[in-house]
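Enquirer: In the UniProt record's numbering, the protein residues as written are 1 to 311. Ideal Cβ placement from N, Cα and C applies to all residues, glycine included.
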């Protein structure tokens, strides 16, 4: 009986949907969270009557197919902008528009996040609340970046020689910059980079195009540049958890600008979950789950009737 298989598939699909909606609701207050979106597909239909079927030599009609239910297809991500709220920390950053902050994972890999809850650690390194280092990208606006023997990365920006960041691991100079703004040594090794603020830096600010400025010894200086990375197909990013995503292809780096995205300092992006819509979705999914469960019950009753006829 196809009904039982169809109902079982429906129950499994609605259970996935319920899990996804429940996760969205649970993260309604998680900064930078991007809601998940389940998608489903019709299963292959069963052929009840093939093309060209005849009875007593006469055609009996067109081919007949019957649907076989639904199956879980994929879970996508809704990347629409979340509400941006003010913060007291000048190093808390939100992106208005497309783009992600690149952060360094403990294993050396780079992940991407919309959560800009950055601060300076004990060594002056810009890290997020999970201790992940804000990775440096050499923006295309600084075509002649240099690395000195101490690992400090400098370049000319708006006619001023500025510090961009710091190389954190031992790699072999000289360096080149790839199309994503990453530093690579002569052997093709990727340099781990970050932004280190000088001890005693005060009056910090971050401009809309990512330039970090502050006072050092009572002199206002450029202390680093925050770049963001965008992807042509955000839907292809792999979700890692912890509001982190992994690349699915090459990204486009650059200083924050209109079109790529701009930075808002002293601000944090909130979850983009719409609680009212999510609660409505939960009710709809629950009803669908109940109806599929009833189909199992009806199928069982039909089996009972069929068995009683045999007796």
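Do the CB positions of residue 86 and residue 267 come within less than 8 Å of each other?
Expert: Yes. Within cutoff.
Enquirer: Under 8 Å, do residue 222 and residue 211 count as touching if we go by C-beta distance?
Expert: Cβ atoms of residue 222 and residue 211: closer than 8 Å.
Enquirer: Applying the 10 Å Cβ sphere with the 16-neighbour rule, what's the burial state of residue 309?
Expert: The residue is exposed, with fewer than 16 neighbouring Cβ atoms inside 10 Å.
Enquirer: Please work out which residues of its chain come closer than 8 Å, Cβ to Cβ, to residue 22, disregarding the five sequence neighbours upstream and downstream, and give them in chain order.
Expert: The residues are 282.
Enquirer: Can you check which of these residues, 165, 110, 16, 133, is closest to residue 247 by C-alpha distance?
Expert: Comparing Cα-Cα distances from residue 247 to each of 165, 110, 16, 133, the minimum goes to 110.
Enquirer: If residue 115 and residue 32 are in contact, beta carbons under 8 Å, what's the gap, nearest whole angstrom?
Expert: Contact flag correct, Cβ pair sits at about 3 Å.
Enquirer: Can you give me the C-alpha to C-alpha distance between residue 30 and residue 38, rounded to a whole angstrom?
Expert: Rounded to the nearest angstrom, the two C-alpha atoms are 20 Å apart.
Enquirer: Beta strand (DSSP E) containing residue 203: first to last residue?
Expert: Counting along the chain, the beta strand (DSSP E) containing residue 203 begins and ends at 202-206.
Enquirer: Where residue 98 and residue 217 are concerned, what is the direct C-alpha to C-alpha distance, given to the nearest angstrom?
Expert: Approximately 36 Å between the Cα atoms of the pair.
Enquirer: On the criterion of 16 or more Cβ atoms from any shown chain inside 10 Å, does residue 287 qualify as buried, or is it exposed?
Expert: That one is exposed.
Enquirer: Which residue marks the beginning of the beta strand (DSSP E) containing residue 237, and which one marks its end?
Expert: No beta strand (DSSP E) holds residue 237; DSSP gives it neither H nor E.
Enquirer: Quick check: what's the CA-CA separation for residue 208 versus residue 262?
Expert: Distance between the alpha carbons of residue 208 and residue 262: 5 Å.
Enquirer: Cα-Cα, which of 161, 244, 231, 41 is closest to residue 132?
Expert: Of the candidates 161, 244, 231, 41, the one whose C-alpha sits nearest the C-alpha of residue 132 is 244.
Enquirer: The beta strand (DSSP E) with residue 269 in it runs from where to where?
Expert: Its beta strand (DSSP E) spans residues 267-269.
Enquirer: Report buried or exposed for residue 314, applying the criterion of at least 16 other Cβ atoms within 10 angstroms of its Cβ.
Expert: Summary: the structure shown does not reach residue 314, with the chain confined to residues 1 through 311, and so no result is reported for it.
Enquirer: I'd like the span of the beta strand (DSSP E) that includes residue 228, first residue to last.
Expert: Segment 228-230, the beta strand (DSSP E) holding residue 228.
Enquirer: Determine the DSSP secondary structure at residue 290, reduced to helix, strand or coil.
Expert: Correct three-state label for residue 290: helix.
Enquirer: In its own chain, which residues sit with a C-beta less than 8 Å from the C-beta of residue 177, not counting the 5 before and 5 after it?
Expert: These residues qualify, in order along the chain: 138, 145, 183, 184.
Enquirer: Figure out for me which residue from 203, 25, 128, 198 has the closest Cα to the Cα of residue 242.
Expert: The residue with the shortest Cα to Cα distance from residue 242 is 128.
Enquirer: Exposed or buried, residue 227, counting other C-beta atoms within 10 Å across all chains shown (16 or more means buried)?
Expert: The residue is buried, with at least 16 neighbouring Cβ atoms inside 10 Å.
Enquirer: When we look at the beta-carbon of residue 92 and count the other beta-carbons within 10 Å, is it buried (16 or more) or exposed?
Expert: Counting Cβ neighbours within 10 Å, residue 92 comes out buried, since at least 16 surround it.
Enquirer: Going by Cα to Cα distance, which pick from 8, 11, 24 is closest to residue 271?
Expert: The residue with the shortest Cα to Cα distance from residue 271 is 24.
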